[in-house]
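S.K.:
Residue numbers (this note's numbering): 628 to 909.
The following block contains the structure:
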């Protein structure tokens, strides 16, 4: 099953702020494997298939370095189509001297690293959904060691050639200030379901029985402040809904819980209780 196309609701795009656009474009091309769809002096739109923008990076005027212990981006996650793609990416990172974190989450196998500004990145592949373990509407996930020996056996003959065209934005994981108000916003407002809870520190939410389209945590502290507007980090991200009727219902639900909804250039824009800005689209 494809968890990143209609009728599923999913995260389709992430927009980051960086200190040095030229440096970041080089990193995202040469290390991560994106290609440029469009570029100006202050902004670049990056793609895997040559058509759809998965990641936008922007250098704001008077940009400030990343702030510590605020709400905002924990990481965004790039989902590769096949396990062999992940193996090829490991070889590629080793050749380029990129330091990687890693984990076997049972539902997926994941690599972790940062861009030059400290923005968190995950690159992962999903295990077959038929192997995911569900109990009482909750999916079992873990943070186990990744079996690199077994993974690297899957490397392809041609090696890493950049992001495959079927690559998608798999999920986003955010630092928030409070889980209770955040859960209300994402469940009652945006229409997601909680599919995993990590103690009282993190929530994982999705639609269509995916393991998670959005992760939410208070690891930067309950009551963590918002970052300043022009600091490095997340500018916004996009949630794609299946149709106009669903989007209109979401707008109504957001207003019912007191969330602000604006219209800009034909798009609905809201923000969660921690100030993470979200574009709602179809």
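Glycine included, C-beta positions come from ideal geometry on N, C-alpha and C.
To the nearest angstrom, how far is the alpha carbon of residue 812 from that of residue 639?
M.R.: 19 Å
S.K.: At the level of alpha carbons, what is the spacing between residue 709 and residue 853?
M.R.: 37 Å
S.K.: Taking 7 Å as the limit between beta carbons, can you name the residues of its chain near residue 723, skipping five residues before and five after?
M.R.: For residue 723, where only same-chain residues beyond five positions count, the Cβ hits under 7 Å are 658.
S.K.: Where does residue 873 fall in DSSP's three states?
M.R.: helix
S.K.: Does the stretch 789 to 808 come close enough to the stretch 766 to 776 to have 3 or more Cβ pairs within less than 8 Å?
M.R.: no
S.K.: Report the rounded CA-to-CA distance for residue 825 versus residue 810, giving the unit in angstroms.
M.R.: 13 Å
S.K.: So, with DSSP's three-state summary, where would you put residue 670?
M.R.: strand
S.K.: Quick one: what does DSSP say residue 769 is sitting in, helix, strand or coil?
M.R.: coil
S.K.: Using 8 Å as the threshold, is the C-beta distance between residue 675 and residue 791 below it?
M.R.: yes
S.K.: If you check the beta carbons only, do residue 839 and residue 822 fall under 8 Å apart?
M.R.: yes
S.K.: Nearest by alpha-carbon distance to residue 860: which of 833, 679, 703 is it?
M.R.: Minimum Cα distance to residue 860 is reached at 703.
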